[in-house]
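Sequential numbering of the sequence shown, starting at 164, is according to my numbering. From the three backbone atoms N, C-alpha and C, an ideal C-beta is built for every residue, glycine too. First up is the structure itself, then whatever we jot down about it.
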Amino acid sequence: MEEPTFWDDPKESTKIVREAKQLKDTVEKYNKLKSEYEDIGVLIEMGYEENDESLIPEIEGMLEAFTKEIDELKIATLLTGEYDSSNAIMKLNAGAGGTESCDWCSMLYRMYTRWAAAEGYSVEILDMLEGDEAGIKSVTLQINGLNAYGYLRSEHGVHRLVRISPFNAAGKRQTSFVSCDIMPDIEEDLDVDINPDDLRIDTYRSSGAGGQHINKTSSAIRITHIPTGVVVQCQNERSQFQNKDRAMQMLKAKLFMLKQQANVEKLSDIRGDVKDIGWGNQIRSYVMQPYTMVKDHRTGAESGNVSAVMDGDIDKFIIAYLTWQSLGCPARNAGDE
Numbered sequence: 164m165e166e167p168t169f170w171d172d173p174k175e176s177t178k179i180v181r182e183a184k185q186l187k188d189t190v191e192k193y194n195k196l197k198s199e200y201e202d203i204g205v206l207i208e209m210g211y212e213e214n215d216e217s218l219i220p221e222i223e224g225m226l227e228a229f230t231k232e233i234d235e236l237k238i239a240t241l242l243t244g245e246y247d248s249s250n251a252i253m254k255l256n257a258g259a260g261g262t263e264s265c266d267w268c269s270m271l272y273r274m275y276t277r278w279a280a281a282e283g284y285s286v287e288i289l290d291m292l293e294g295d296e297a298g299i300k301s302v303t304l305q306i307n308g309l310n311a312y313g314y315l316r317s318e319h320g321v322h323r324l325v326r327i328s329p330f331n332a333a334g335k336r337q338t339s340f341v342s343c344d345i346m347p348d349i350e351e352d353l354d355v356d357i358n359p360d361d362l363r364i365d366t367y368r369s370s371g372a373g374g375q376h377i378n379k380t381s382s383a384i385r386i387t388h389i390p391t392g393v394v395v396q397c398q399n400e401r402s403q404f405q406n407k408d409r410a411m412q413m414l415k416a417k418l419f420m421l422k423q424q425a426n427v428e429k430l431s432d433i434r435g436d437v438k439d440i441g442w443g444n445q446i447r448s449y450v451m452q453p454y455t456m457v458k459d460h461r462t463g464a465e466s467g468n469v470s471a472v473m474d475g476d477i478d479k480f481i482i483a484y485l486t487w488q489s490l491g492c493p494a495r496n497a498g499d500e
């Protein structure tokens, strides 16, 4: 960094500075834990020598905080993927089921934005298509913050909701599905050749937040890469040019990830297997009636507090997934489902 030519390439130098900061933060966390461990040891020894039971509550509090910090550091060691430290781009798509599925999509959107806020991450809405009567048909978000992709890649797949639908006059139990696609926001210049003839570019009027300007002009962009069927959309910028530039960046990132993976097994490590949005392909079920339970079908992790989960309390599932993946994604017995 002290070389005179270090800042000749601003993008590369910025990347190096960011990586250096991440390494520095990790070392500082380790040194802090080491110091806390020594302090706890001194306090325990002092209490033992002086037979001072009044120190027990203080020691217990220090141990609890220390254990929590150790657990957080352990989780961070599971984020070893090439792009785990990147921002995340998430796309939610409502499956078949009309208004009920659109409402389920909006519920998941709320869940993930609440989780992001609790983690200190910022969220950008890149594209949103609202439902005809209620909810959201599809939404693309960018979650910005260290390790956002590393954590959220656990959420890739189909999410299933079982409840008595408020949109069903007969009051019957209904099942709805939403697919969640996750990819990293790769900031560096990517070596991806895209033939303009392979692209279909559509413009449309933006919707949602952004004021009157975006609703009066066809500034939103949808780009389809015909050979692969990859579709990206962006409407959050104020001009068509900016939206196209952002959408092309997203397309390059997605195609780059596909190019980097030579087979389906490796591809699933980055963006997961592409599943139909329907029965039998769900990674997680959220049951609200006749009982309350959220269960991940890959890891077996579950919670009976559906309300807390829908408020963004999904760390349990993220940690279980990262641990499961670190063990080589062992298959679960059919009886465990």
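Closest by C-alpha distance to arginine 409, out of Asn468, Asn358, Ser382 and Val469, is Ser382.
A straight-line Cα-Cα distance of about 40 angstroms links arginine 368 and threonine 455.
Of the residues assessed, aspartate 295 falls on the exposed side of the cut-off, its CB having fewer than 16 other CB atoms within 10 angstroms. The beta carbons of isoleucine 386 and methionine 346 sit no closer together than 8 angstroms.
With a 10 Å radius around the Cβ and a threshold of 16 neighbouring Cβ atoms, tryptophan 267 comes out buried.
When secondary structure is reduced to three states using DSSP, valine 355 falls in the coil class, being assigned neither helix nor strand. Around alanine 416, the same chain offers Ile349 as residues with beta carbons nearer than 6 angstroms, after the five sequence neighbours per side are excluded. Taking the Cα of glutamine 185 as reference, the smallest distance to any Cα among Met209, Leu242 and Val205 is reached at Leu242. Note that the segment 282 to 301 touches the segment 249 to 260; at least 3 beta-carbon pairs, one per stretch, sit closer than 8 angstroms. Contact between valine 325 and methionine 451 is confirmed by a C-beta separation of about 7 angstroms, below the 8 angstroms threshold. If the five residues before and after isoleucine 203 are omitted, its C-beta is found closer than 7 angstroms to the C-beta atoms of Ile222, Met225, Leu226 and Phe229, all from its own chain and listed in chain order. Contact between glutamate 263 and phenylalanine 340 is absent: CB atoms are separated by about 10 angstroms, not below the 8 angstroms threshold. In the three-state reduction of the DSSP assignment, glutamate 296 falls in the coil class, being assigned neither a helical nor a strand state. Fully contained in the segment 305 to 358 are the following alpha helix (DSSP H) runs of length 4 or more, in chain order: 311 to 315.
Take the alpha-carbon of threonine 168 and the one of cysteine 397: they are about 36 angstroms apart. Threonine 303 and isoleucine 252 do touch by the CB rule: their CB atoms are close to 7 angstroms apart, below 8 angstroms.
Arginine 447 is positioned such that its CB atom lies no closer than 8 angstroms to that of histidine 319. Excluding its 5 nearest sequence neighbours in each direction, glutamate 199 has C-beta neighbours in its own chain below 6 angstroms: Phe229, listed in chain order.
Of the residues Met291, Thr189 and Lys479, the one whose Cα lies closest to the Cα of serine 269 is Met291. Annotated as distal: valine 355 and phenylalanine 404, with beta-carbon spacing of 8 angstroms or more. Between the alpha carbons of isoleucine 306 and serine 249 lies a gap of roughly 9 angstroms.
DSSP links asparagine 250 through a beta bridge to Asp348.
In the DSSP assignment, cysteine 265 falls within the unbroken alpha helix (DSSP H) covering 262 to 282. Annotation for alanine 239: no beta strand (DSSP E) segment contains it, though the alpha helix (DSSP H) segment containing it runs 219 to 240. In the DSSP assignment, aspartate 202 falls within the unbroken alpha helix (DSSP H) covering 173 to 213. Taking leucine 289 as the centre and dropping the five residues before and after it, the same chain places the C-beta of Ile252, Thr303, Leu304, Gln305, Gln396, Cys397, Gln398, Asn399, Arg409 and Met413 closer than 8 angstroms to its C-beta, in chain order. Isoleucine 386 is bridged by DSSP to Ile364 and Val395.
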